[in-house]
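A.B. asks: Numbering (this note's numbering), first residue to last: 7 to 121.
#1: Which whole-angstrom value describes the C-beta separation of residue 67 and residue 30, a residue pair presumed to lie in contact below a C-beta threshold of 8 angstroms?
#2: State the Cα-Cα distance for the pair residue 15 and residue 26, rounded to the nearest angstrom.
#3: Quick check on residue 7: does DSSP put it in helix, strand or coil?
#4: In chain order, what are the residue ranges of uninterrupted beta strand (DSSP E) at least 3 long that sit wholly in the segment 8 to 32?
#5: To the nearest angstrom, how far is it from the Cα of residue 78 to the Cα of residue 65?
#6: How would you write the range of the beta strand (DSSP E) that residue 62 sits in, first residue to last?
#7: Assuming contact is defined by CB atoms lying nearer than 8 angstroms, are residue 51 and residue 81 in contact in what I supplied?
So this is what it looks like as C-alpha cells:
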C-alpha cells in the first residue's frame, strides 16, 4: 500500500496482509511540521515490530543523507537501503555515513526499506 501518513493506516495495511506500506517522509514532514513525519515513521516501524508483522515499511521521499542515517539508527537493525539493487555508490555512501554517525547502531547487513 502506498501513501501512508499515519500509524493507523499502517496497522490497517498490516491487518489486510499488505507486504509493504510506503510512507512519504518528506511530504509528512511538510504536512505535519516540526519533524513530526519522522517521528510517525519511527512509530510505524515500532508498531510493525511489536506486532511481529510481515508488512515492511518502504520509506520514500527522504530528502537528505542525515535523515536517512538517523532513521537507520533509530530502527536498529531493520533497515535495507536501496533493497534489491547491487552495491551502488549511493548505497555505499549512505551506509558509510550511517556507520560513521552511529557506529554501534547500524548493522553491517541491514532490513526497513529506504529508497
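Ideal Cβ positions, reconstructed from N, Cα and C, are used throughout, including at glycine.
C.D. replies: Let me lay it out:
#1: 4 angstroms
#2: 12 angstroms
#3: coil
#4: 8 to 10 and 26 to 29
#5: 11 angstroms
#6: 62 to 65
#7: yes
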